[in-house]
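These protein sequence lines are chains L and P, in that order.
When we follow my numbering, the leftmost residue of the first sequence carries the number 85, and every step to the right adds one.
When we follow my numbering, the leftmost residue of the second sequence carries the number 123, and every step to the right adds one.
Note that CB positions come from ideal geometry on N, CA and C, so glycine has one too.
Here is the structure we will look at.
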Amino acid sequence: MTIETTTHTAVSHGAVTEPSSATVKFLARDVNVFYADKQALFGVNLDVLRHQVTALIGPSGCGKSTFIRCLNRMNDIIPICRVTGTILLDENDIYDSNIDVVYLRARVGMVFQKPNPFPKSIFENIAYGPRIHGIAMQKTDLEEIVVTSLEKAGLFAEVKDRLYEPGTSLSGGQQQRLCIARAIAVEPEVILMDEPCSALDPIATAKIEELIDELRANYTIVIVTHNMQQAARVSQRTAFFHLGYLVECNATEQIFTNPEDKRTQDYITGRFG
Amino acid sequence: MSDTVVSERSGMTNIAVRKKTSAEAVRSSLKKRYAAEKRFKAYGVSALLFAFLMLLILFSTIIGNGYSAFVQTALRLDVTLDAATLDPEGTRKPETLGRADYGGLIKKTLRDMFPEVTSRQDKRKLYGLVSLLGATGNLRDLVLNDPSKVGQTVGVWVPASDDADMLIKGHISRDVPENARRVSNREIAWLDKLAAADRLETRFNTRFFTGGDSREPELAGIWGATVGSFLMLTVTLLLSFPLGVASAVYLEEFAPKNKWTQLVEVNINNLAAVPSIVFGLLGLAVLLNFFGMPRSAPLVGGIVLALMTLPTVIIAGRAALTSVPPSIREAALGVGASKVQTVFHHVLPLAMPGVMTGSIIGMARALGETAPLLMIGMVAFIVDIPRGFTDPATALPVQVFLWADSPERAFVEKTSAAIIVLLAFLVTMNALAVWLRQKFERRW
C-alpha cells in the first residue's frame with residue numbers, strides 16, 4: 085500500500101482535526117520518565133484525540149513503548165520507574181494521588197506486543213474483566229458480553245464452537261484478537277496497543293488493522309508500531325519519537341508526505357532506524 | 123596512493139593466508155575435539171553407572187535383609203481353656219476373663235506336648251520357643267471375643283519367639299557349633315518335632331503392620347511410628363504450606379525490593395542451610411521448656427519440622443512464582459485487576475504445581491528427618507498407637523534408629539523392614555510430586 089492511498093483513507097474518514105479541549109482524550113505535558121537514574125523520556129507534550137487512532141513510531145529504544153505504558157500507569161509495576169509531568173485523561177490528572185489505578189486501567193485498556201491470553205478458556209479470558217469489575221455477574225449477562233466482545237473483535241465466527249477451549253490453543257493472530265476482545269469486554273474508553281502485530285504474520289496483521297479501523301468509531305486508540313506502513317494505514321495522527329524526545333506529532337498524512345523535522349524525514353524515508 | 127594499494131593487496135593476501143591456515147587448524151583440531159567430547163560422555167555415563175550400582179547395592183541389601191520381617195513363624199497349640207483356671211466363679215465376666223492366667227495355660231500346653239521335659243531349666247527353654255506375651259494376647263482375645271469357648275480345647279496359632287523365628291528363617295545357622303549358637307540342639311529338636319507335626323508355619327506378619335513398638339522383636343510393629351509420622355507431617359503441612367506460600371507470595375509479588383527484604387531473603391537461604399538438629403534444640407528450649415508443650419508429642423515434632431521445612435517451601439514457592447511469565451501479570455493488570463486479584467486469580471494458580479512440588483519434597487525431607495526429633499523426646503519407647511497430636515509418639519526414621527540400636531538379632535530384619543516402609547513412603551511422595559508437576563504444568 086502506498087502512502088498516497090493511505091492519505092486518501094485518512095482523508096475519506098474526515099477525522100483529521102486540530103486539537104481542541106473537547107476532542108482531546110489524553111493530554112500529556114512535560115512528561116519525563118526515569119528508569120533509576122537513566123532518563124528515558126524527555127519533556128513529552130502530546131495530545132491524543134478522541135475517536136482517532138494515534139500511532140507512535142520511532143526507532144527501537146526511542147521511548148514510544150515507555151510513553152504508551154504511562155497512559156494506563158503500567159509503568160507502576162516497574163519499581164525503578166519514575167514518571168514526572170502531567171497526563172490528563174478527560175482533564176483529570178491520572179498521576180494524581182486520588183486516582184485509583186485499577187479504575188484507570190478499566191477505562192484505559194491495553195493490548196500487548198505478544199498475545200498473552202490467560203491459560204484459561206476463551207470464555208473465561210473475556211468474562212474475567214467484567215466479572216472482577218462487577219459489570220456482569222450473571223452467567224447470561226456474561227455470555228452476552230463475551231459474544232459481543234468476540235464479535236467486535238471479529239473472532240466470534242472462528243471460535244463460537246469452542247468457547248470453553250483454552251485461549252492458548254488459538255493461533256497467534258486469533259490470540260491477539262482474543263486479547264483485544266478481552267480489552268473491549270470491560271468497555272474502556274481508550275485502547276492502548278503496544279506493537280500488537282509484531283508477532284503476527286501479514287494476514288493476521290491485516291485483520292487486526294481492519295479491526296482497529298472499525299474500533300475507532302467507539303474507542304480512542306493509541307498504537308505503538310515499528311511498521312511505518314502500518315502507521316500510515318491505520319492512524320489519523322502520528323507521533324514520531326527519537327532518543328526519548330517527541331520530535332513531531334501531526335496528522336498522519338502530513339507526517340508521511342511533508343514532515344516538518346529533518347529527523348522525521350530521514351526516518352520515514354528509511355535513512356536510519 | 124600506490125602505498126595504499128600495496129598495503130591493501132598485502133592485507134588481502136594476509137587474510138587469504140590466514141583463511142587457509144584457520145581451515146587447516148579447524149581440521150586438525152576436530153579430532154581432538156571429538157575425542158574430548160567422547161571422553162566427557164564416557165565420564166558422564168560411568169558416573170551414572172556408578173551411582174546406579176550403589177543404589178542397587180543399597181536397595182538389594184535393605185530388601186535382602188528386610189523382606190523376611192514381613193513373614194513370621196507361628197506355632198499351633200491345642201490349648202485346653204480350663205474353666206477352673208480362667209473363670210473359677212463361672213461368671214464369664216470380661217474383667218475376670220481379661221485378668222486370667224493365660225500364660226499358665228500355654229506353659230501347661232507346652233509341658234503336655236513335650237512330657238519328656240522335666241527339669242526347670244529345660245522347661246524354661248521350652249517356654250522360650252513361644253512368644254509368651256504374644257501368645258497370651260492371642261488367647262485372651264480369643265476368649266474375650268467368644269467366652270463360650272471356655273472349657274473347650276482350641277487350636278490357636280501363636281507367634282514363635284524371636285530366636286525360634288530366626289532359626290526357622292535361617293538367620294541363625296544350624297551349622298554353627300552349639301556353644302556359639304543362641305538356639306541349643308534340644309530346642310532345634312523340639313522345633314523340628316513341631317514342624318513334623320504340622321504345627322509350625324511361616325505366615326504373613328500382620329502384626330508388623332498393625333502393631334506398636336515392643337521390646338519383643340516378634341511383636342514389634344511399625345504402625346505406631348507410621349501414625350506418629352502421619353500426625354507429625356499433618357502438623358508440618360498445615361503450618362509450613364500456608365506460611366511458606368504466604369511468605370513466598372509476599373516477598374515475590376508485594377514486598378518492595380530494598381535492604382530489609384534483601385536481608386530477609388539472605389536469611390531465608392541461611393535458614394535452609396541450618397543443620398536440622400539446631401531446630402530440635404530450638405524446639406526443646408522454646409516449645410518444651412518455655413511453652414511447656416508435651417514431650418514426645420507429634421504436635422511439637424510437627425512444629426519443629428515445619429520450621430525446618432519453611433525455608434525450602436518459601437524458596438520453591440518463590441522460584442515457582444518467578445517462573446510465571448510477566449505477560450500474565452500485565453494481562454491481568456491491563457484489564458484492571460488489582461494487585462491482589464492478579465496474584466490470586468492468575469499468578470498463584472499458575473505457580474501452584476511448582477509450589478506443591480516444592481512442598482512435597484520438603485515434606486519428604488521432613489518425613490525422613492531424625493535428629494530434631496531426638497531433641498524433643500520422640501525417641502522414647504512407645505508401645506501405644508498415638509491417638510492424637512499430643513499423645514506420646516515416635517516417627518518412622520526414629521523407629522529405624524531405635525531398632526538399629528537394639529541388640530536382638532531379630533531387630534536387624536525389623537530395621538531393614540522399617541527402612542523399606544519409610545522408603546516406600548518417600549518414593550510415593552516424590553512420585554506424587556512428579557505426577558502433580560506433569561499434570562498441572564501449563565504452557566503459555
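Fully enclosed by the segment 239-306 of chain P, which beta strand (DSSP E) runs are 3 residues long or longer?
The qualifying runs are 275-281.
Would P:Ile344 pass as a contact of P:Gln521 if the rule is Cβ separation under 8 Å?
On the second sequence, residue 344 of chain P is found 222 positions in, with the first residue counted as 1. On the second sequence, residue 521 of chain P is found 399 positions in, with the first residue counted as 1. Their beta carbons are under 8 Å apart, which means P:Ile344 touches P:Gln521 by this criterion.
By Cβ distance below 8 Å, which residues in the same chain neighbour L:Pro272 in space, the five residues on each side in sequence not counted?
Position 188 of the first sequence holds residue 272 of chain L. Hits under 8 Å: Ala190, Arg191, Val192, Gly193, Tyr303.
Could you have a look at P:Ser351 and say whether DSSP puts it in helix, strand or coil?
Counted from its first residue, the second sequence places residue 351 of chain P at position 229. P:Ser351 carries a helical assignment under DSSP once its states are collapsed to helix, strand and coil.
With 8 Å set as the bound, which would you pick, yes or no: does the beta-carbon of L:Ala267 sit closer than that to a beta-carbon of chain P?
For the purposes of this step, residue 267 of chain L is taken as residue 183 along the first sequence, with counting starting at 1. So yes, L:Ala267 belongs to the interface.
Measuring straight from C-alpha to C-alpha, what distance separates L:Ala265 and L:Leu234?
On the first sequence, position 181 is the one that residue 265 of chain L refers to. On the first sequence, position 150 is the one that residue 234 of chain L refers to. If I take the Cα positions, the gap works out to 5 Å.
If the cut is a Cβ gap below 8 Å, which residues of chain L does P:His468 touch?
In the second sequence, residue 468 of chain P corresponds to position 346, counting from 1. Residues of chain L passing the Cβ test: Phe202.
Along chain L, which residues have their Cβ under 9 Å away from the Cβ of P:Ser538?
Numbered from its first residue, the second sequence carries residue 538 of chain P at position 416. Here the premise fails: no neighbours, minimum Cβ distance about 46 Å.
Between the Cα of L:Val318 and those of L:Leu327, L:Asn129, L:Arg355, L:Lys291, spot the shortest distance and give me the residue it belongs to.
On the first sequence, position 234 is the one that residue 318 of chain L refers to. It is L:Lys291 whose Cα lies nearest to the Cα of L:Val318.
Distance check for P:His467 and L:Lys223, CA to CA, integer angstroms please.
Along the first sequence, one-based indexing puts residue 223 of chain L at 139. Along the second sequence, one-based indexing puts residue 467 of chain P at 345. Cα-Cα distance, rounded: 19 Å.
Pull up the distance between the alpha-carbon of P:Leu409 and that of P:Gly220, whole angstroms please.
Translated into positions along the second sequence, residue 409 of chain P becomes position 287. Translated into positions along the second sequence, residue 220 of chain P becomes position 98. Approximately 40 Å, taken between the alpha carbons.
If we ignore side chains and look at the alpha-carbon of each, how far apart do L:Ser258 and L:Ala237 end up?
The residue labelled residue 258 of chain L in the question sits at position 174 within the first sequence. The residue labelled residue 237 of chain L in the question sits at position 153 within the first sequence. In the sequence as presented, Ser is not what sits at residue 258 of chain L; that position holds Gln. Roughly 10 Å between the two C-alpha positions.
Any idea if P:Ala553 is buried or exposed, counting beta-carbon neighbours within 10 angstroms, 16 or more meaning buried?
The residue labelled residue 553 of chain P in the question sits at position 431 within the second sequence. By the neighbour-count criterion, in which a residue is buried when 16 or more other Cβ atoms sit within 10 angstroms of its Cβ, P:Ala553 is exposed.
May I ask you to report which of helix, strand or coil DSSP gives L:Lys122?
Position 38 of the first sequence, counted from the start, is the residue given in the question as residue 122 of chain L. If DSSP states are grouped into helix, strand and coil, L:Lys122 belongs with the strands.
Is P:Gln384 buried or exposed, if buried means 16 or more other CB atoms sit within 10 Å of its CB?
Your numbering for residue 384 of chain P matches position 262 in the second sequence. Exposed is the call here.
Given P:Ala540 as reference, the closest of P:Ser190, P:Leu248, P:Asn392, P:Gly499 once Cα atoms are compared
By 1-based counting over the second sequence, the position of residue 540 of chain P is 418. It is P:Ser190 whose Cα lies nearest to the Cα of P:Ala540.
P:Asp320: which of P:Leu403, P:Thr550, P:Trp279 sits nearest, CA to CA?
Your numbering for residue 320 of chain P matches position 198 in the second sequence. Taking the Cα of P:Asp320 as reference, the smallest distance to any Cα among P:Leu403, P:Thr550, P:Trp279 is reached at P:Trp279.
Return the residues of the segment 188-212 of chain L that lie within a Cβ-Cβ distance of less than 7 Å from chain P, sorted by chain order.
Along the segment 188-212 of chain L, going in chain order, the ones with a CB nearer than 7 Å to a CB of chain P are Arg189, Ala190, Gly193, Met194, Phe196, Lys198, Asn200, Phe202, Pro203, Tyr212.
Give me, in chain order, the residues of the same chain whose beta-carbon lies closer than 7 Å to that of L:Ile87; leave out the 5 immediate sequence neighbours on both sides.
Locating residue 87 of chain L in the first sequence gives position 3, counting from the first residue. Its pLDDT being 40, under 50, L:Ile87 is placed unreliably in this model, and the coordinates cannot settle the point.
Cutting at 7 Å between CB atoms, please list the residues of its own chain near L:Glu298, excluding the five before and the five after it.
Sequence index remark: in the first sequence, residue 298 of chain L carries index 214 (1-based). Closer than 7 Å at the Cβ level, and outside the excluded window around L:Glu298, lies no residue.
Alpha carbons only, please: which of P:Glu338, P:Thr356, P:Ser445 is nearest the one belonging to P:Lys536?
Here residue 536 of chain P corresponds to residue number 414 of the second sequence, with the count starting at 1. The shortest Cα separation from P:Lys536 among P:Glu338, P:Thr356, P:Ser445 belongs to P:Glu338.
Could you tell me which chain P residues have their CB closer than 7 Å to the CB of L:Val243, listed as they occur along the chain?
Your numbering for residue 243 of chain L matches position 159 in the first sequence. The contacting residues do not exist; L:Val243 stays about 18 Å from chain P at best.
Are the CB atoms of L:Asn209 and L:Pro201 nearer to each other than 8 Å?
Position 125 of the first sequence, counting from 1, holds the residue named residue 209 of chain L. Position 117 of the first sequence, counting from 1, holds the residue named residue 201 of chain L. It is a contact, given that the beta carbons lie within the stated cut-off.
Let me know the secondary structure DSSP gives L:Cys333 once reduced to three states.
The residue labelled residue 333 of chain L in the question sits at position 249 within the first sequence. Of the three classes helix, strand and coil, the one that applies to L:Cys333 here is strand, per DSSP.
P:Ala419 versus P:Arg198, P:Leu524, P:Met474, P:Leu355, residue with shortest Cα-Cα distance
For the purposes of this step, residue 419 of chain P is identified with residue 297 of the second sequence, where counting begins at 1. Comparing Cα-Cα distances from P:Ala419 to each of P:Arg198, P:Leu524, P:Met474, P:Leu355, the minimum goes to P:Leu355.
Tell me, which residues are paired with L:Pro250 by DSSP?
As a working note, residue 250 of chain L is residue 166 in the first sequence. BP columns for L:Pro250 point to L:Ser205.
Have a look at L:Gln338 and L:Gly251 and give me their C-alpha separation to the nearest angstrom.
Taking the first sequence and counting its residues from 1, the one referred to as residue 338 of chain L is at position 254. Taking the first sequence and counting its residues from 1, the one referred to as residue 251 of chain L is at position 167. Just so you know, the alpha carbons of L:Gln338 and L:Gly251 end up roughly 40 Å apart.
Beta-bridge partners of L:Met277, as assigned by DSSP
The residue you call residue 277 of chain L lines up with position 193 of the first sequence. In DSSP, L:Met277 forms a bridge with L:Val195, L:Ile307.
If L:Met125 sits next to L:Val306, beta carbons under 8 Å apart, how far is it from one beta carbon to the other, in whole angstroms?
In the first sequence, counting from the first residue as 1, residue 125 of chain L sits at position 41. In the first sequence, counting from the first residue as 1, residue 306 of chain L sits at position 222. The identity of residue 125 of chain L in the sequence shown is Leu, whereas the question assumes Met. Taking C-beta atoms under 8 Å as the contact rule, L:Leu125 and L:Val306 fail to qualify, at a distance of about 15 Å.
Per DSSP, what are the beta-bridge partners of L:Ile171 in this structure?
Your numbering for residue 171 of chain L matches position 87 in the first sequence. As a beta-bridge residue in DSSP terms, L:Ile171 pairs with L:Ala112.
Quick check on the burial criterion: 16 or more other C-beta atoms within 10 angstroms. Buried or exposed for P:Val148?
Reading the second sequence from its first residue, position 26 is the one you call residue 148 of chain P. Exposed.
Inspect the beta-carbon positions of L:His326 and L:Arg347 and report whether they are closer than 8 Å.
Translated into the one-based positions of the first sequence, residue 326 of chain L becomes position 242. Translated into the one-based positions of the first sequence, residue 347 of chain L becomes position 263. Cβ distance < 8 Å, so L:His326 and L:Arg347 count as in contact.
Length of the line joining the Cα atoms of P:Ile588 and P:Ser336:
An answer regarding residue 588 of chain P cannot be provided, because it is not within the stretch 123 to 566 covered by chain P.
For P:Lys154, collect the residues of the same chain with a Cβ closer than 8 Å to its Cβ; drop the 5 residues on either side in sequence, then sort them by chain order.
Position 32 of the second sequence holds residue 154 of chain P. Contacts found: none.
Decide yes or no for the touch test of the segment 449-468 of chain P against the segment 387-404 of chain P: beta carbon pairs closer than 8 Å, at least 3 of them.
Too few Cβ pairs lie closer than 8 Å, so no.
Check whether chain L comes within 8 Å of P:Lys379, counting only Cβ atoms and requiring the distance to be less than that.
The residue given as residue 379 of chain P occupies position 257 in the second sequence. At least one chain L Cβ lies under 8 Å of P:Lys379.
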